[in-house]
Amino acid sequence: MKRYALIGLLVVSLAGCVSMGTKVDEGQLRQFERGRSTYFDVVARLGPPTQMTLHEDGSREVQYVYSQQQMRPESY
Numbered sequence: 000m001k002r003y004a005l006i007g008l009l010v011v012s013l014a015g016c017v018s019m020g021t022k023v024d025e026g027q028l029r030q031f032e033r034g035r036s037t038y039f040d041v042v043a044r045l046g047p048p049t050q051m052t053l054h055e056d057g058s059r060e061v062q063y064v065y066s067q068q069q070m071r072p073e074s075y
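Reading the sequence shown from the start, the letters are residues 0 to 75 in numbering that gives the first Met the number 0.
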């Protein structure tokens, strides 16, 4: 019985906070210079982007999306 209670507590605690994507903060962005940093520099430091667009002029636009949800006990 204790085993099921422990598993139930673990499931509830894990369901309380969910995050997806790559979180990028201002400090990480300061490492890059527009026109000097390459796509490979960015990927090496931040990992693969969530989305990439290749423009007609050959330039790339990358997007890193981060989502975090946290459950509150008041919601129940």
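Cβ coordinates follow ideal geometry from the N, Cα and C atoms, glycine included. Fair warning: this is a prediction, and the values are worked out from it, not measured in the lab.
Quick one, are the C-beta atoms of residue i and residue j less than 8 Å apart?
i: V61; j: M51; result: yes
i: P48; j: Y63; result: yes
Starting from the Cα of residue i, find the closest Cα among the options and give me that residue.
i: V23; options: V17, G46 and C16; result: G46
i: L58; options: V17, A43, G34 and Q68; result: As written in the sequence, residue 58 is Ser, which differs from the Leu given in the question. Answer by Cα proximity: G34.
i: R44; options: L53, M70 and F31; result: F31
Going by DSSP in three states, residue i sits in which element: helix, strand or coil?
i: R59; result: strand
i: Q79; result: It is not possible to answer for residue 79, since the shown part of the chain is limited to 0 through 75.
i: V64; result: coil
i: V41; result: helix
Tell me, to the nearest whole angstrom, how far the beta carbon of residue i is from that of residue j; I am working on the premise that it is less than 8 Å.
i: S18; j: Q67; result: 4 Å
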